[in-house]
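Engineer: Just remember that the numbering used here sits 422 ahead of the position in the sequence shown, which is counted from 1.
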Amino acid sequence: MRSLPHRYPMLLIDRVVAFSKRERLVGIKNVTINEPYFAGHFPQKPVMPGVLILESMAQACGMLAFKSEREELGGNHIIYLVAIDKARFKRPVEPGDQLRLEASLKRVMRGLWMFQAQAWVGDALAAEAEIRCTVKEA
Numbered sequence: 423m424r425s426l427p428h429r430y431p432m433l434l435i436d437r438v439v440a441f442s443k444r445e446r447l448v449g450i451k452n453v454t455i456n457e458p459y460f461a462g463h464f465p466q467k468p469v470m471p472g473v474l475i476l477e478s479m480a481q482a483c484g485m486l487a488f489k490s491e492r493e494e495l496g497g498n499h500i501i502y503l504v505a506i507d508k509a510r511f512k513r514p515v516e517p518g519d520q521l522r523l524e525a526s527l528k529r530v531m532r533g534l535w536m537f538q539a540q541a542w543v544g545d546a547l548a549a550e551a552e553i554r555c556t557v558k559e560a
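1. Nearest CA to the CA of C483: which residue from E559, K528 and D545?
2. Would you say M536 faces chain B, with C-beta separation under 8 angstroms as the test?
3. Out of R513, S526, Y502 and F537, point me to the one whose CA is closest to D545's CA.
4. What does the alpha-carbon distance come out to for the pair F537 and E552?
5. Which of the three DSSP states, helix, strand or coil, is assigned to F460?
6. So, with DSSP's three-state summary, where would you put G449?
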């Protein structure tokens, strides 16, 4: 039996354009037609799958937590996604769009990081959600 090539981690943020420790992170994802998921989602009208928009917002939240605690964490910790609540999709994200991912830290309580995340295309809100993560030793 052949094993499939390992494709993870799939980073869905091309660059970080703003960061304020324990406050906010803004990342950019350039959505291009050569993304592998566009072949089947949907061939006649390609749109970025909602689950990948959520994943990109979760990655922005994880980056905010990691960059905020980099000195304390070192390289021996993993940030786990715990929950996504109140997810809403407002508009499709298509090839050629630039997705601006905004993660804002609401609070940290007993090791649980709570965020508000949004994905924007220009001035239009594409998606939003409340996201919770936790940091654990690897």
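We put the CB at the ideal spot given by N, CA and C, even for glycine.
Structural biologist: Taking the coordinates as given:
1. Comparing Cα-Cα distances from C483 to each of E559, K528 and D545, the minimum goes to K528.
2. Annotation note: the requested chain B is absent from the structure, which comprises a single protein chain.
3. R513 is the residue among R513, S526, Y502 and F537 whose C-alpha sits nearest the C-alpha of D545.
4. Note on geometry: alpha-carbon atoms of F537 and E552 lie some 6 angstroms from one another.
5. Residue state for F460 is assigned as helix, using DSSP reduced to three classes.
6. Strand at G449.
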